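Number of protein chains: 4
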Amino acid sequence: MTVFTPRNPDYQRCVRESFARQNFMGFIGASLSRVAPGEVDIELPNQQSLTQQHGYFHAGATASIADSAAGYAALSLFSPGNGVLTTEFKINLLAPAKGEKLVARGRVEKSGRLLTICKSDVVAIDDGTETHVATALLTMMQIEGLEG
Amino acid sequence: MTVFTPRNPDYQRCVRESFARQNFMGFIGASLSRVAPGEVDIELPNQQSLTQQHGYFHAGATASIADSAAGYAALSLFSPGNGVLTTEFKINLLAPAKGEKLVARGRVEKSGRLLTICKSDVVAIDDGTETHVATALLTMMQIEGLEG
Amino acid sequence: MTVFTPRNPDYQRCVRESFARQNFMGFIGASLSRVAPGEVDIELPNQQSLTQQHGYFHAGATASIADSAAGYAALSLFSPGNGVLTTEFKINLLAPAKGEKLVARGRVEKSGRLLTICKSDVVAIDDGTETHVATALLTMMQIEGLEG
Amino acid sequence: MTVFTPRNPDYQRCVRESFARQNFMGFIGASLSRVAPGEVDIELPNQQSLTQQHGYFHAGATASIADSAAGYAALSLFSPGNGVLTTEFKINLLAPAKGEKLVARGRVEKSGRLLTICKSDVVAIDDGTETHVATALLTMMQIEGLEG
Chain L
1 MTVFTPRNPD YQRCVRESFA RQNFMGFIGA SLSRVAPGEV DIELPNQQSL TQQHGYFHAG
61 ATASIADSAA GYAALSLFSP GNGVLTTEFK INLLAPAKGE KLVARGRVEK SGRLLTICKS
121 DVVAIDDGTE THVATALLTM MQIEGLEG
Chain A
1001 MTVFTPRNPD YQRCVRESFA RQNFMGFIGA SLSRVAPGEV DIELPNQQSL TQQHGYFHAG
1061 ATASIADSAA GYAALSLFSP GNGVLTTEFK INLLAPAKGE KLVARGRVEK SGRLLTICKS
1121 DVVAIDDGTE THVATALLTM MQIEGLEG
Chain F
2001 MTVFTPRNPD YQRCVRESFA RQNFMGFIGA SLSRVAPGEV DIELPNQQSL TQQHGYFHAG
2061 ATASIADSAA GYAALSLFSP GNGVLTTEFK INLLAPAKGE KLVARGRVEK SGRLLTICKS
2121 DVVAIDDGTE THVATALLTM MQIEGLEG
Chain W
3001 MTVFTPRNPD YQRCVRESFA RQNFMGFIGA SLSRVAPGEV DIELPNQQSL TQQHGYFHAG
3061 ATASIADSAA GYAALSLFSP GNGVLTTEFK INLLAPAKGE KLVARGRVEK SGRLLTICKS
3121 DVVAIDDGTE THVATALLTM MQIEGLEG
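Residue numbers (this note's numbering), protein chains in the order written: chain L, 1 to 148; chain A, 1001 to 1148; chain F, 2001 to 2148; chain W, 3001 to 3148.
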């Protein structure tokens, strides 16, 4: 696994402040559980409001935290003052997403000046058991002078 | 464009009832605006709660309606009594998603016995102008005996 | 459909010369059949050497022409002196790729300064009948000062 | 990493015979370098005939071995008498693919009755140095009664 050195000494605060401004994350009940250089985890506790028609987490909810975890993994390595935008992602749903909570683990695969390629794995935690429910590949863009 | 003949004469009711059971769609404020054989549109009005850190719709919100629109486009062509699950999707974000509302247009590309391949285009409507903000390719699976 | 105005008046020659330098296209027997602003078609006649284990075109051969068609559709809109690299693509295989030849139709969806999003549809021609065998979404990058 | 138990005791022969029937792999000069349960590596030595316009391996060549490595990783876990078809894949190109050879490492992420989700990482070997040049997510389908 690649070890990354952040260019922004204040990357922790930068990621946490930007996450706090993502209203959608707060709205669905997601929280940051880990912020390290090139690595961000996001947790999403189960709620009736997040389900699809069979009672599992909606694929859109799963994708939302996979996307934010990867975006913030990318942002943690950016230069100060630059922001992040998702340009594309692909997600494979491996198993029904059910349990007490989901955890999305965003990791930087390749950090470029302009584009950062990330992966994000989502697991469901149910009674202490972890099931791999989704895996994603994502491209993030570094935008100069865009806050967060 | 392919013209599809639904196998389920009651496909309209089937899609609408399943959509009503997707709590996540109601939670984010999305509604069905069009249901035809192999074609489903979903609208999502703008709200503070749906934004990412720069005030645009969160990519996860955009992806959520792209996914549901495609899933229901697929379901509209299934045999009665069968349900739909997303197996994977890929979405390219073409422009910042901002405006009064988003509309996701899910369309079946290829209807198979087991897998249905769909595309979904998302536009943002702002003051009467339509901007193409995302395009997605999705694979849906037909599950026998799974309601909706 | 978007109508594009090429920034490079000599885009036809630029695309054709770059294609001629893609040894892999010549090696598999592919040829350019259409070059217009934002639109490039590539044909691939059937050969024993291109098949997978069941005698169909290998998915890699299908993907190769889908990729090149999209890349040259993007290049046709670039400023003179800039080159193109694929950053990512996703392809859904819709039906077995069999017949006399494949045709990949690359089209620009969104032309940006840095990234160009394309789609590519591949059809198989068999005895005058056209079957849609693959659909792809691709991201191309414009590289300043990189020839072709 | 998941440890898989093959259902087909003769999986080695099954994979190798099917690979030998993939004319396209022989045509581009690719060879199987590792076959284990759920894990297949394919090598592709550099040749002038495999390049794109800047002299790197064409993305189609990279994608071709990524696809076959994943397909055979999936096939290694299938029941005897069943074959494999790619339904879709997505590939991110991380760095220019240049060097003496490419190695694609296909690994099964999730083995299902019908669909098998794989990843494939491609590295370039140049003078003993390994560079990660591509990463892919792929869906393979198990087809009953289809040889290989």
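Ideal placement from N, C-alpha and C gives every residue a C-beta, glycine not left out.
Note that the structure is a prediction, hence the values are computed from the model and not measured.
Okay, do the segment 31-42 of chain L and the segment 78-98 of chain L touch, 3+ Cβ pairs below 8 Å being the bar?
In short, these stretches do not touch, since the Cβ pair count stays below three.
By the criterion of Cβ-Cβ separation under 7 Å, what are the contact partners of His1058(A) in chain L?
The residue you call residue 1058(A) lines up with position 58 of the second sequence. The answer, in chain order, is Gln22, Phe24, Ser64.
Excluding sequence positions up to five away, which residues of its chain have a Cβ less than 7 Å from the Cβ of Lys3101(W)?
For the purposes of this step, residue 3101(W) is taken as the residue at position 101 of the fourth sequence. If the five residues before and after Lys3101(W) are omitted, its C-beta is found closer than 7 Å to the C-beta atoms of Glu3043, Leu3044, Pro3045, Asn3046, Ile3125, all from its own chain and listed in chain order.
Checking the sheet assignment: what are the DSSP bridge partners for Gln2012(F)?
Residue numbering aside, residue 2012(F) sits at position 12 when the third sequence is read from its first letter. BP columns for Gln2012(F) are empty, so no partner.
Out of Gly2026(F), Ala2136(F), Ala2097(F), Phe2057(F), point me to the one whose CA is closest to His3058(W)'s CA.
As a working note, residue 3058(W) is residue 58 in the fourth sequence. Residue Gly2026(F) holds the alpha-carbon nearest to the alpha-carbon of His3058(W) among Gly2026(F), Ala2136(F), Ala2097(F), Phe2057(F).
Contact under 9 Å by Cβ, Thr1005(A) with Leu3115(W):
Working through the second sequence from its first residue, we reach residue 1005(A) at position 5. Working through the fourth sequence from its first residue, we reach residue 3115(W) at position 115. By the CB criterion at 9 Å, Thr1005(A) and Leu3115(W) fall outside the cutoff.
Got a sec: is the Cβ-Cβ distance from Glu144(L) to anything in chain F below 9 Å?
Working through the first sequence from its first residue, we reach residue 144(L) at position 144. Taking Cβ atoms only, chain F never reaches closer than 9 Å to Glu144(L), which makes this a no.
Going by DSSP, what residue range makes up the beta strand (DSSP E) through Ser3120(W)?
On the fourth sequence, position 120 is the one that residue 3120(W) refers to. Segment 3115-3126, the beta strand (DSSP E) holding Ser3120(W).
First and last residue of the uninterrupted alpha helix (DSSP H) at Ala2059(F)
Indexing the third sequence from 1 puts residue 2059(F) at position 59. 2059-2075 is the span of the alpha helix (DSSP H), which, as asked, contains Ala2059(F).
Using only alpha-carbon positions, find the residue among Ser1076(A), Asn1023(A), Tyr1056(A), Ala1030(A) that is nearest to Val1103(A).
Taking the second sequence and counting its residues from 1, the one referred to as residue 1103(A) is at position 103. Of Ser1076(A), Asn1023(A), Tyr1056(A), Ala1030(A), the residue nearest in Cα terms is Ala1030(A).
CB-CB length for Ala1061(A) against Ile1091(A), believed under 8 Å:
If you number the second sequence from 1, residue 1061(A) lands on position 61. If you number the second sequence from 1, residue 1091(A) lands on position 91. Their Cβ separation, rounded to whole angstroms, is 12 Å, which puts Ala1061(A) and Ile1091(A) out of contact at 8 Å.
Please work out which residues of its chain come closer than 6 Å, Cβ to Cβ, to Ser18(L), disregarding the five sequence neighbours upstream and downstream, and give them in chain order.
Indexing the first sequence from 1 puts residue 18(L) at position 18. Within the same chain, Ser18(L) has close Cβ partners Gly148.
Output yes if chain W places a C-beta closer than 9 Å to the C-beta of Leu94(L); else output no.
Within the first sequence, residue 94(L) is the residue found at index 94, counting from 1. Yes, its Cβ sits closer than 9 Å to a Cβ of chain W.
C-alpha distance - Tyr3056(W) paired with Met2141(F), whole-angstrom precision:
Position 56 of the fourth sequence, counted from the start, is the residue given in the question as residue 3056(W). Position 141 of the third sequence, counted from the start, is the residue given in the question as residue 2141(F). The alpha-carbon atoms of Tyr3056(W) and Met2141(F) are separated by roughly 16 Å.
Could you check whether the Cβ of Leu137(L) sits closer than 9 Å to any Cβ belonging to chain F?
If you number the first sequence from 1, residue 137(L) lands on position 137. Judged by the 9 Å Cβ criterion, Leu137(L) is in contact with chain F.
Strictly below 8 Å CB to CB, what residues from chain F border Ala3078(W)?
Translated into the one-based positions of the fourth sequence, residue 3078(W) becomes position 78. For the sequence presented, residue 3078(W) should be read as Phe rather than Ala. None at all; the shortest Cβ gap to chain F is about 13 Å.
So, is the C-beta of Lys2101(F) closer than 9 Å to a C-beta in chain A?
Translated into the one-based positions of the third sequence, residue 2101(F) becomes position 101. Not a single CB atom of chain A sits nearer than 9 Å to the CB of Lys2101(F).
Is it buried or exposed, Ala2070(F), if we count other Cβ atoms within 10 angstroms and call 16 or more buried?
For this step, residue 2070(F) is matched to residue 70 along the third sequence. Classification of Ala2070(F): buried, given that the 10 Å Cβ count is 16 or more.
Please state whether the Cβ-Cβ distance between Arg1105(A) and Asp1127(A) is less than 9 Å.
For the purposes of this step, residue 1105(A) is taken as residue 105 along the second sequence, with counting starting at 1. For the purposes of this step, residue 1127(A) is taken as residue 127 along the second sequence, with counting starting at 1. Result no, Cβ atoms of Arg1105(A) and Asp1127(A) do not sit closer than 9 Å.
Would you verify that the beta carbon of His2061(F) is, or is not, closer than 9 Å to some beta carbon of chain W?
Looking up residue 2061(F) in the third sequence gives position 61. For the record, residue 2061(F) in the displayed sequence is Ala; it is not His. Using a Cβ-Cβ cut-off of 9 Å, Ala2061(F) counts as an interface residue toward chain W, since at least one Cβ of chain W sits closer than that to its own.
Does the separation of the CB atoms of Val1108(A) and Ser1076(A) fall below 9 Å?
Locating residue 1108(A) in the second sequence gives position 108, where the first residue counts as 1. Locating residue 1076(A) in the second sequence gives position 76, where the first residue counts as 1. For Val1108(A) and Ser1076(A), yes; Cβs fall inside 9 Å.
I need the DSSP call for Arg2021(F), collapsed to helix, strand or coil.
Stepping through the third sequence from its first residue, residue 2021(F) is reached at position 21. Under the three-state reduction of DSSP, Arg2021(F) is assigned to helix.
Please check the pair Thr1131(A) and Ala1095(A), which I expect to be a contact at CB under 8 Å, by giving their CB distance rounded to whole angstroms.
Locating residue 1131(A) in the second sequence gives position 131, where the first residue counts as 1. Locating residue 1095(A) in the second sequence gives position 95, where the first residue counts as 1. Rounded, the Cβ-Cβ distance is 6 Å, consistent with contact.
Between the CA atoms of Gly99(L) and Ala3134(W) - distance to the nearest angstrom:
Translated into positions along the fourth sequence, residue 3134(W) becomes position 134. Translated into positions along the first sequence, residue 99(L) becomes position 99. Here the alpha carbon of Ala3134(W) sits roughly 33 Å from the alpha carbon of Gly99(L).
Quick one: using the 10 Å Cβ neighbour count with 16 as the cut-off for buried, is Gly38(L) buried or exposed?
Along the first sequence, read from residue 1 onward, the residue named residue 38(L) stands at position 38. Around the beta-carbon of Gly38(L), 16 or more other beta-carbon atoms lie within 10 Å, marking it buried.
If we count the other Cβ atoms within 10 Å of its Cβ and call it buried at 16 or more, is Thr3002(W) buried or exposed?
Numbered from its first residue, the fourth sequence carries residue 3002(W) at position 2. Here Thr3002(W) is exposed: its Cβ has fewer than 16 other Cβ atoms, across all protein chains shown, within 10 Å.
Whole angstroms are fine: how far does the CA of Ala3020(W) sit from the CA of Leu3032(W)?
Position 32 of the fourth sequence, counted from the start, is the residue given in the question as residue 3032(W). Position 20 of the fourth sequence, counted from the start, is the residue given in the question as residue 3020(W). One Cα belongs to Leu3032(W), the other to Ala3020(W), and the distance between them is close to 9 Å.
Check whether chain L comes within 9 Å of His3054(W), counting only Cβ atoms and requiring the distance to be less than that.
Numbered from 1 along the fourth sequence, position 54 holds the residue referred to as residue 3054(W). No, His3054(W) lies away from the interface with chain L (no Cβ there is under 9 Å from its Cβ).
Taking only beta-carbon atoms, is Lys2098(F) less than 9 Å away from chain A?
Residue numbering aside, residue 2098(F) sits at position 98 when the third sequence is read from its first letter. Closer than 9 Å: no.
Buried or exposed by the 16-neighbour rule on C-beta atoms within 10 Å, applied to Gln1048(A)
Here residue 1048(A) is taken as the residue at index 48 of the second sequence, counted from 1. Exposed, by the Cβ-count rule.
Spatial neighbours of Gly3112(W) within its chain, please: C-beta separation below 6 Å, excluding the five flanking residues on both sides.
Taking the first residue of the fourth sequence as position 1, residue 3112(W) is located at position 112. Closer than 6 Å at Cβ, skipping near neighbours: no residue.
Starting from Phe3004(W), find everything on chain F with Cβ-Cβ shorter than 7 Å and list it in chain order.
Position 4 of the fourth sequence holds residue 3004(W). Phe3004(W) does not reach chain F, its nearest Cβ partner there being about 21 Å away, counting only Cβ pairs nearer than 7 Å.
Range covered by the beta strand (DSSP E) that runs through Lys2101(F)
Locating residue 2101(F) in the third sequence gives position 101, where the first residue counts as 1. Residues 2101-2111.
On the DSSP letters alone, give me the boundaries of the beta strand (DSSP E) that His3132(W) sits inside.
If you number the fourth sequence from 1, residue 3132(W) lands on position 132. Looking at the DSSP string, the run of the beta strand (DSSP E) that includes His3132(W) is 3129-3143.
Secondary structure of Leu2033(F), DSSP reduced to three states
Position 33 of the third sequence, counted from the first residue, corresponds to residue 2033(F). The sequence as given places Ser at residue 2033(F); Leu does not occur at that position. Three-state result, Ser2033(F): strand.
Listing by chain order, which chain A residues have their CB less than 8 Å from the CB of Glu88(L)?
Start at 1 with the first residue of the first sequence, and residue 88(L) comes out as number 88. Simply Lys1090, Ile1091, Asn1092, Leu1093.
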